[in-house]
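Enquirer:
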Amino acid sequence: MLKIGISACFLYPDPKRSVFGPKTLSYLENDMARYLTKEGVIPVLIPDVDDELLLALVEEMDGFIFQGGTDLAPESYGEKPIENGRWKGDPVRDKYELKLMNLAMESDKPILGICRGMQLMNVYFGGTLYQDTKTQRPEVLVHRDAEQYDTVSHEISFTEKKILSKIYKNAQSTRVNSVHHQSIKNLGKNLEVLAESPEDGVIEAIGYTKAPDGWVMGVQWHPEFSHTLGSQVINADKLYLYFLEHVKSLKS
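Residues in the sequence shown are numbered consecutively from 51, following the working numbering.
(1) Look up Leu170 in the DSSP assignment and say whether it is helix, strand or coil.
(2) Count the C-beta pairs between the stretch 196 to 203 and the stretch 251 to 269 that are closer than 8 angstroms, then say yes if the count reaches three, no if not.
(3) Taking contact to mean 3 or more Cβ pairs, one atom from each stretch, closer than 8 angstroms, check whether the stretch 135 to 154 and the stretch 162 to 175 are in contact.
(4) I want to see whether chain B comes within less than 8 angstroms of Glu189, judged by CB atoms only; does it?
(5) Between Gly71 and Ile92, what straight-line distance do the alpha-carbon atoms span, to the nearest angstrom?
(6) Spatial neighbours of Asn152 within its chain, please: C-beta separation below 8 angstroms, excluding the five flanking residues on both sides.
(7) Provide the residue span of the beta strand (DSSP E) that contains Asn80, from first to last.
(8) Whole-angstrom Cβ separation of Thr164 and Pro63, contact assumed at under 8 angstroms?
(9) What residue from Trp271, Glu129, Ser215 has the CA that sits closest to Thr201's CA?
(10) At which residue ranges does the stretch 217 to 284 contain complete beta strand (DSSP E) runs of 3 or more residues, listed in the order of the chain?
(11) Report the residue from Ile256, Asp287, Met51, Tyr127 whose alpha carbon sits nearest the alpha carbon of Arg84.
(12) Taking the straight line between their C-alpha atoms, what separation do you get for Ile115 and Glu133?
(13) Reducing DSSP to helix, strand and coil, say where Tyr180 ends up.
(14) Contact check, Ser276 vs Asn220 under 8 angstroms by CB: the rounded distance?
(15) My assumption, with CB atoms under 8 angstroms, is that Glu129 sits in contact with Thr178. Please give the rounded CB distance.
(16) Quick one: residues in its chain with C-beta nearer than 8 angstroms to the C-beta of Lys298, no 5 flanking neighbours on either side, listed in chain order?
Right under this line is the structure:
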């Protein structure tokens with residue numbers, strides 16, 4: 051069985067919550083769990099534990115997924131919050147995930163970042179983000195709507211001759227869902243653009259140039275939510291199955 055380590059989302063203490071109100075919860079969103087669970091594959095949620103225990107967990111994993119969720123804190127990429135701190139982000143999760151990203155990179159195992167996970171990857175490599183894309187780039191498309199959520203979609207343009215253009219060669223659809231309000235501002239070191247939104251230039255996928263194609267990669271859309279729009283968006287399984295081929299290559 052392949053063990054795919056998943057970075058955790060956090061819910062912090064909330065006295066209004068009837069269950070575990072005083073406690074911090076680590077969780078995996080259900081659509082993500084369903085997306086990652088395949089025959090022969092076990093998704094494993096990696097908790098925020100002491101460094102030596104975290105390292106031991108990383109060593110047991112065959113690959114890593116960094117899932118979506120709350121914003122990154124501006125301080126995590128060397129900025130101060132705009133709009134009187136409206137976009138504060140989650141510095142606690144940032145610290146945990148940046149540490150996990152570092153251990154995953156040092157393990158030389160495949161990594162896929164999804165939405166926040168792609169943004170985290172960019173920050174790990176020294177890049178920066180738009181704290182709120184619509185505020186800082188008013189001309190962009192609507193990339194997130196809280197009510198429409200995973201029914202929002204737009205066209206995508208793959209960088210020619212790069213890995214995503216090969217994975218999605220002759221794809222019937224060139225659309226992806228869009229559930230993000232932050233986006234990449236300055237690209238991190240040794241990263242390249244694999245896809246963008248052609249109407250406004252928002253970066254939609256990145257890859258690490260010091261590893262084999264697709265070994266370390268991030269996408270801004272949510273493949274785990276693609277079932278909502280079905281054939282209107284690109285085939286989500288193609289991306290994950292490609293990732294799993296890299297993972298399996300370490301077992302051969």
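Glycine included, C-beta positions come from ideal geometry on N, C-alpha and C.
Expert: According to the structure data:
(1) DSSP places Leu170 in the helix class (H, G or I) of the three-state scheme.
(2) With a cut-off of 8 angstroms, the stretch 251 to 269 and the stretch 196 to 203 do not count as touching, because too few Cβ pairs lie within range.
(3) Output reads yes: the stretch 162 to 175 touches the stretch 135 to 154.
(4) Although the question refers to chain B, the structure presented lacks it and comprises just one protein chain.
(5) Inter-residue distance for Gly71 and Ile92 is about 29 angstroms (C-alpha atoms, whole angstroms).
(6) Once the five neighbours on either side are set aside, the close Cβ partners of Asn152 are Tyr174.
(7) Run containing Asn80: none in the beta strand (DSSP E); it sits in the alpha helix (DSSP H), 80 to 86.
(8) According to the sequence displayed, residue 164 carries Ile and not Thr. Going by Cβ atoms, the distance from Ile164 to Pro63 rounds to 26 angstroms, so no, they are not a contact pair.
(9) Out of Trp271, Glu129, Ser215, Trp271 has the C-alpha closest to the C-alpha of Thr201.
(10) With a minimum length of 3 residues, the continuous beta strand (DSSP E) runs that stay inside the stretch 217 to 284 are 225 to 227, 241 to 246, 253 to 258, 266 to 269.
(11) Among Ile256, Asp287, Met51, Tyr127, the Cα nearest to that of Arg84 belongs to Asp287.
(12) Taking the CA atoms as reference points, Ile115 sits about 32 angstroms from Glu133.
(13) In the structure shown, Tyr180 sits in a strand (DSSP, three-state: E or B).
(14) Under the criterion of beta carbons closer than 8 angstroms, Ser276 and Asn220 do not qualify as touching, at roughly 18 angstroms.
(15) Yes, Glu129 and Thr178 are in contact; Cβ-Cβ is about 7 angstroms, under 8 angstroms.
(16) Closer than 8 angstroms at the Cβ level, and outside the excluded window around Lys298, lie Leu52.
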